[in-house]
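Written out below as structure tokens is the structure these notes cover.
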Amino acid sequence: MKVVSTIKSLQKAIKSSELSPLGLVPTMGALHKGHLSLVRNAMALCPQVVVSIFVNPTQFNDKKDLKNYPRCLNDDLNMLQEALRGDDLVFTPDEKEIYPVEDRRVFLFGNLENVMEALRRPGHFNGVGQVVSRLFDIVKPDMAFFGQKDFQQLAVIKELVRQTGSKVKIIGNPIIREDDGLAMSSRNRLLDPEIRKKAGRIYSTISAAANMINDHDIPYLVAYVVKNIEKSEGFKVEYFEIVDDLELRPVAARCEMKKEKRYYGCIAVKAGKIRLIDNIEIPL
């Protein structure tokens, strides 16, 4: 693999290889097995892959969260060295390389801005739109790979592609989990050890709720999830909502769900000081 930090050197390396299709795996670093799964899926479909490592400041509505976000570039590069091939590239730009001038673009994502994460992290998805569209312009990939753990983000990026007329094919990849079911996340390393021991309860609880969909109505399932998770000290459920997979419109009752559509249970939990998200498909 080759590590580059400027747009000029990245584009020169891409042009010199002329391999197609070109895959992009955008990351903010602090890599784990979930990221490596994205990389492997990209490598299976693309003879050349670009992995970007950039902690994007415009998607953080909390400056403290931005400051505390884990950064471990050397560890990330060592991990990628073992996974990537000779023609693959790692792009590690600084903020001025991505945003030479202030990015004042405003994206409108319809109902995706009115639910779940968007309500609790104002400006977050506009920042996601800014950095993803910028990376698409720089790298010019044929395919881009994103994890389904960030379920709402994936929907936002698909809408971004639709609105901008981009030809990039968006590939969503399944959630990779720890042995106890906790969705892999860069933030997991920040969890207090005692909190981490109990964090697998998040997935086991939403999994149980998903399997009860034909026996209980949605308000019961929401109450079940909140009660079962919050009985562990240090855990606070911010939301648990069942939404359709296209516009992420919340469903209030089981009778509103249609067999021909797909639905997901999405959750955000404050685990000690760290905020975790997860989701699961609801079987009908």
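Going by the numbering used here, the final residue of the sequence shown carries number 426, and the count climbs one at a time with no gaps. Using N, Cα and C, we set each Cβ at its ideal position, and we do this for glycine too.
- Under the DSSP assignment, ARG417 falls in the beta strand (DSSP E) whose first and last residues are 416-423.
- Bounds of the beta strand (DSSP E) holding PHE287 are 285-289.
- With a cut-off of 8 angstroms on Cβ pairs, the segment 164-174 is in contact with the segment 203-213, counting three or more such pairs.
- When DSSP states are grouped into helix, strand and coil, LYS401 belongs to the coil group.
- Within the same chain, and ignoring the five residues on either side of ASN253 in sequence, the residues whose Cβ sits closer than 8 angstroms to its Cβ are GLU389, LEU390, ARG391.
- Rounded to the nearest angstrom, the gap between the Cα atoms of SER328 and HIS177 is 9 angstroms.
- Taking C-beta separations shorter than 8 angstroms and ignoring five residues to either side along the sequence, the partners of SER159 in its chain run GLN190, ASP229, following chain order.
- Listed in chain order, the non-local C-beta contacts of PHE382 below 6 angstroms within the same chain comprise VAL364, VAL367, ILE409, local neighbours out to five positions each way being set aside.
- Listed in chain order, the beta strand (DSSP E) runs fully inside the segment 200-282 are 231-233, counting runs of at least 3 residues.
- When the Cα atoms are used, VAL181 and ILE149 turn out to be separated by approximately 21 angstroms.
- Nearest in C-alpha terms to LYS378, of all of VAL385, ILE384, LYS403, ARG343, is ARG343.
- DSSP, read as helix, strand or coil, puts ASN198 in coil.
- Here ASN421 is near TYR406, since their CB atoms are less than 8 angstroms apart.
- For THR347, no beta strand (DSSP E) encloses it; the enclosing alpha helix (DSSP H) starts and ends at 343-352.
- Taking GLY307 as the centre and dropping the five residues before and after it, the same chain places no C-beta closer than 8 angstroms to its C-beta.
- Ranked by how close their Cα comes to the Cα of LEU226, the residues LEU166, GLY265, ILE240 have LEU166 in first place.
- Looking at the DSSP output, ASN315 shares a beta bridge with GLY289.
- For THR200, the closest of GLU255, PRO242, VAL270 by C-alpha to C-alpha distance is VAL270.
- The segment 274-294 makes contact with the segment 310-322: 3 or more CB pairs, one atom from each, lie closer than 8 angstroms.
- Taking each of LYS154, LEU222, MET185, PRO361 in turn and checking the Cα distance to MET143, the smallest one comes out for LEU222.
- Taking 8 angstroms as the cut-off, the beta carbon of VAL298 is found closer than this to the beta carbon of PHE251.
- When DSSP states are grouped into helix, strand and coil, THR169 belongs to the strand group.
- Classified as exposed, HIS358 has fewer than 16 neighbouring CB atoms from the shown chains inside 10 Å of its CB.
- Sorting ASP322, GLY414, ARG246, VAL257 by C-alpha distance to the C-alpha of ASN268 places ARG246 at the top.
- Your pair ALA413 and ILE337 checks out as a contact, with CB atoms roughly 5 angstroms apart and the cut at 8 angstroms.
- Residue pairing from DSSP places ALA325 in a beta bridge opposite ARG319.
- Bridge partners of CYS408 according to DSSP: GLU383, ASN421.
- Cβ contact annotation for ASN370 (same chain, cutoff 6 angstroms, sequence separation greater than five): THR347, in chain order.
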